[in-house]
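So for the sequence shown, the working numbering puts the first residue at 1306; every next one is plus one. Built from N, CA and C at the ideal position, the CB exists for glycine as well. Right, one structure below, let's go through it.
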Amino acid sequence: MSFIPLISAGFSDFIKNIFIGDIDESSIQSTVTGKATYNPEAISLGEIHLGESLNKKIKIIDGNDLPNILAQGTFTDNQENSCTYDSTIKISSNSKLEFSDSDKDLEDPEILVQLSSEPQIPVYTWVIDFLEPVDFTEAKGKELIIFGNSYIVDESTDSNVLFLINSESDIIELEEGNEISINSNQVSGTLVTLESSFGFTDVTKIEIAVAAEDNNDYILENNHYTDPIFGTISIDFIDLKNKPSLENGKDVWSGIRKGLSITKEGNRELGLEFEIPGADLKVIPFIYQEELADDDNYKIHIVEGENLDDDEYFILNSGNYQHYMVMTKVMLSESSGSDVHFKDVIIGNSYNDMVDNNNDINETPGTTTAFTLDNQDYTVESVDSDTVKIYSSDYCKTGEGCYIDVYPIIELIDGKHKFAFIDDVTIKDVKSGTTLNLPTGTLTITETTSSQKIGSVYYDISLSSSGESTYDVMIGVSSDLKSSSKEENPGILFLEDEESDGDENAILLPVTDDGTYSSCKTPSFSGEYDTGFFESTDSTGYLTSFGSYILEDASDSNQILTSITYAEEQIYAEIYISEGVGDRECKESWTCTSWSDCIDDKKTRTCSDVNNCGTTKNKPATMQRCGNCTSNWFCTNWSSCINNEQKRACTDINTCGFSENKPIEIRNCTSEDIQISDNVSIVYIKDKEVSVERNTNGVNIISVQGRNIKTYLEIIEESDKVYIITSEGNKEIKILPCEAIFKAKK
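Here you go:
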């Protein structure tokens, strides 16, 4: 007596689900594709940055990428006509990495993959490409293996609708231009498109677009979106690198991220808190009564070569080193013994010996002396007895070869990011040919110099003649960093490091003062960014494409404060397309709102899956007729008799929303297909009752705990081995549970 194992994807899935955890999966071998008979593959979509689409790197996935579910197949109709087909997945450009609340789906904004919810612009599209036209009306009862699942073409199939039934008797309905239906439930966001002249009688291509449900159209980090139709792929948001760690809108500066914050030091006084390499977190003077100054109104100078008095601030930029200095002593004698002392406000170092008891400089205007700091030479020039200028060795205003630092920068994280104080400035008596060093590039002054973009920032520039080829140069920063609309208030210009695409973007943090309070204005950006609002803390978050996070904190209605956190490297997501879902199978759990008022004789409600499975198989009805509604039921043809049972799908055309008088959708059946000629005695494997039967017409049935699965494949047993008959000869098959039956009988 032969013992006939059932070789099909549906059976393999069924058997594995029963024995999972009880058998050694490594010993299962099968040449037939099925959801649970392979080791899952996955393909990376590459590094996805903020604002980038999932198909940035990969647009088509084929059998080379996911060999188990996209393997090339062969379909044979009832006339024994065989046709090869290829399966692919097209990734669309409409799903992106974003910072948002997914249109109020989330309480607070998060960094997520925003999925398209429109099938016309889907997340992805399943594609079956037949090399020759296929007539499915002539293939009823035949097996079609697609996307990792095995289906039988149902008897109800006609030229307009293709009905497929799987091993669990689920009925899948495909119709041109419509959503897919599973057991009469439409799968929202799907769309079937055919390449055919006469419907399902001459199909050369089937495309099934998949978009997400509107209220489940996002993926958070460490979560996934499972295909709602076939269930054999998932989009896995594995990791988010260099991310902010948000708590109620605030980045807690965890790990590699650093910060720069505008702080409240008084009603009309703002400080700047930050850290640079080699220094602790420090608050330095920034704004007093809408001016760049400290609380004693001592000025912060942002143009090289300006006059410096006691207690005023200036920035020395010596290549790889920058120093935010305050003058601590300016005392120039009539002839000798002059002192010019200053201190680095950030690191605390005092420089009292650079110009101390010096005989080269005195109160006579224009007398000078020099000092060296961090390998950079500087000149100290006398203006009067208590005023000097300090400038670098290449500073001058007299034309070609002269350079002036405007808005000198302070570097952060070893030069990865930098910032500068900005305000409207006027530089007097600049000769044509002189070059201005700006934070984002250089500008050489000519008689035609005007407003322009330099690097990533647009500058408002105008000239006023002050002599022959000599000008007073007025400079300001654009309020939106992109146009000639000048920012009238001081602020911080934050410059990000280079992104993966080569862009270097800027962020402007301007401030204002209403006479009672100094406060921050809305930030501006030269590059791409997303915005989100945190209602609980009345704050707004901004995330740039590099990953800098800007928080606009309005919890104090009198003083809005802004801050920036940043990482050394650009933020990006690791996202994969994976085969199968394994132990990540998700059970839908639907909650629905109350029914709306009746409009046009209909009422609606919204239903959400709290588990965010991404599937709609068990979704409740969301539309119902009002008043007296008479059901008008339409039913598909009965399916083939499988497991002594037939199924059909019945839909109320009037969508009354109740199931009274609904026709039956399942009935018992008998078929000559299940007449038994050979019967294996019942055995037990891991306490599961298993039997295998063969029918007179060669159809094979296996029963596990009373549940039957049927296949039309021809299988033989010879010399203690099991084979499937193919056109290329007998292929040996090994399936552990079935071999166990055979060995138990022997």
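Please state whether DSSP places residue i in a helix, a strand or coil.
{"i": "glycine 1772", "result": "strand"}
{"i": "glutamate 1809", "result": "coil"}
{"i": "phenylalanine 1441", "result": "helix"}
{"i": "aspartate 1819", "result": "coil"}
{"i": "phenylalanine 1535", "result": "coil"}
{"i": "threonine 1389", "result": "strand"}
{"i": "glycine 1504", "result": "helix"}
{"i": "glutamine 2010", "result": "Residue confidence for glutamine 2010 is low, a pLDDT of 45 falling below 50, so the modelled location carries little weight; the figure read from the coordinates is stated next. Glutamine 2010 falls in the coil class under three-state DSSP."}
{"i": "threonine 1842", "result": "helix"}
{"i": "aspartate 1522", "result": "coil"}
{"i": "tyrosine 1530", "result": "strand"}
{"i": "threonine 1960", "result": "coil"}
{"i": "lysine 1362", "result": "coil"}
{"i": "glutamate 1330", "result": "Confidence in glutamate 1330 is poor, its pLDDT being 30 and thus under 50, which makes the residue's placement too unreliable to answer from."}
{"i": "isoleucine 1606", "result": "Reading off the sequence, residue 1606 comes out as histidine, not isoleucine. The answer is coil: DSSP assigns histidine 1606 none of H, G, I, E or B."}
{"i": "threonine 1684", "result": "strand"}
Name the two residues that bound the continuous beta strand (DSSP E) containing residue i.
{"i": "glutamine 1951", "result": "1950–1952"}
{"i": "isoleucine 1511", "result": "1508–1515"}
{"i": "tryptophan 1938", "result": "1938–1940"}
{"i": "glycine 1837", "result": "1834–1839"}
{"i": "phenylalanine 1542", "result": "1538–1546"}
{"i": "proline 1590", "result": "1587–1593"}
{"i": "cysteine 1897", "result": "1895–1897"}
{"i": "tyrosine 1456", "result": "1454–1458"}
{"i": "glutamine 2096", "result": "Outside the modelled stretch of the chain, which goes from 1306 to 2051, sits residue 2096, for which no answer is possible."}
{"i": "glutamate 1857", "result": "1854–1858"}
{"i": "glutamate 1879", "result": "1877–1884"}
{"i": "glycine 1746", "result": "1746–1749"}
{"i": "leucine 1479", "result": "1476–1480"}
{"i": "lysine 1733", "result": "1730–1736"}
{"i": "glutamate 1801", "result": "That residue, glutamate 1801, is in no beta strand (DSSP E); it is neither H nor E in DSSP."}
{"i": "serine 1566", "result": "1563–1571"}
{"i": "glycine 1351", "result": "1347–1353"}
Taking 9 Å as the cut-off, decide whether the C-beta atoms of residue i and residue j are in contact.
{"i": "isoleucine 1540", "j": "valine 1418", "result": "yes"}
{"i": "isoleucine 1366", "j": "isoleucine 1348", "result": "yes"}
{"i": "glutamate 1578", "j": "isoleucine 1561", "result": "no"}
{"i": "asparagine 1657", "j": "glycine 1642", "result": "no"}
{"i": "valine 1645", "j": "valine 1660", "result": "yes"}
{"i": "isoleucine 1534", "j": "threonine 1495", "result": "yes"}
{"i": "glutamate 1792", "j": "leucine 1800", "result": "no"}
{"i": "threonine 1941", "j": "glutamate 1403", "result": "no"}
{"i": "asparagine 1399", "j": "glutamate 1423", "result": "yes"}
{"i": "alanine 1675", "j": "glutamate 1352", "result": "no"}
{"i": "glycine 1760", "j": "threonine 1749", "result": "no"}
{"i": "leucine 1359", "j": "isoleucine 1394", "result": "no"}
Return the CA-CA distance between residue i and residue j, expressed in angstroms with no decimal places.
{"i": "alanine 1584", "j": "lysine 1563", "result": "13 Å"}
{"i": "aspartate 1615", "j": "aspartate 1835", "result": "44 Å"}
{"i": "isoleucine 1487", "j": "glutamate 1526", "result": "29 Å"}
{"i": "proline 1815", "j": "glutamate 1752", "result": "30 Å"}
{"i": "cysteine 1974", "j": "aspartate 1905", "result": "43 Å"}
{"i": "glycine 1554", "j": "threonine 1842", "result": "7 Å"}
{"i": "isoleucine 1328", "j": "serine 1472", "result": "Note that isoleucine 1328 scores 29 on pLDDT, short of 50, meaning its location in the model is unreliable; the coordinates nonetheless yield the value given after this. Their Cα atoms are separated by approximately 22 Å."}
{"i": "arginine 2053", "j": "lysine 1364", "result": "Because the chain is modelled from 1306 through 2051, residue 2053 falls outside the range shown and cannot be assessed."}
{"i": "serine 1823", "j": "valine 1557", "result": "25 Å"}
{"i": "cysteine 1825", "j": "isoleucine 1865", "result": "5 Å"}
{"i": "tyrosine 1390", "j": "glycine 1482", "result": "22 Å"}
{"i": "lysine 1702", "j": "valine 1735", "result": "5 Å"}
{"i": "aspartate 1785", "j": "serine 1405", "result": "22 Å"}
{"i": "isoleucine 1470", "j": "isoleucine 1476", "result": "5 Å"}
{"i": "glutamate 1484", "j": "leucine 1586", "result": "58 Å"}
{"i": "methionine 1630", "j": "phenylalanine 1830", "result": "29 Å"}
{"i": "glutamate 1705", "j": "valine 1730", "result": "22 Å"}
{"i": "leucine 1436", "j": "glutamate 1346", "result": "26 Å"}
{"i": "serine 1550", "j": "glycine 1832", "result": "22 Å"}
Using a Cβ-based criterion (distance less than 8 Å to any ligand heavy atom), does residue i qualify as near the ligand FMN?
{"i": "serine 1788", "result": "This structure does not include the ligand FMN; it has no bound ligands of any sort."}
So that I know if they touch, is there some Cβ in chain C lying closer than 9 Å to that of residue i?
{"i": "threonine 1927", "result": "In the structure shown, chain C cannot be found, because there is only a single protein chain."}
- Task: Assess, as a yes-or-no matter, whether the segment 1455–1474 is touched by the segment 1534–1545 under the definition of 3 or more beta carbon pairs within less than 8 Å.
- Result: no
- Query: Counting pairs of beta carbons, one from the segment 1693–1712 and one from the segment 1738–1754, are three or more of them closer than 8 Å?
  - Reply: yes
- Message: Measuring CB atoms only, is the segment 1606–1613 touching the segment 1805–1823, in the sense that at least three cross pairs come out at less than 8 Å?
- Response: no
- Task: Report yes or no: do three or more beta-carbon pairs, one from the segment 1843–1850 and one from the segment 1501–1517, lie closer than 8 Å?
- Result: no
- Query: Is there contact here, the segment 1439–1459 with the segment 1403–1420, by at least three beta-carbon pairs under 8 Å?
  - Reply: no
- Task: Check whether the segment 1425–1438 touches the segment 1506–1516, counting contact only when three or more Cβ pairs, one atom from each stretch, lie closer than 8 Å.
- Result: yes
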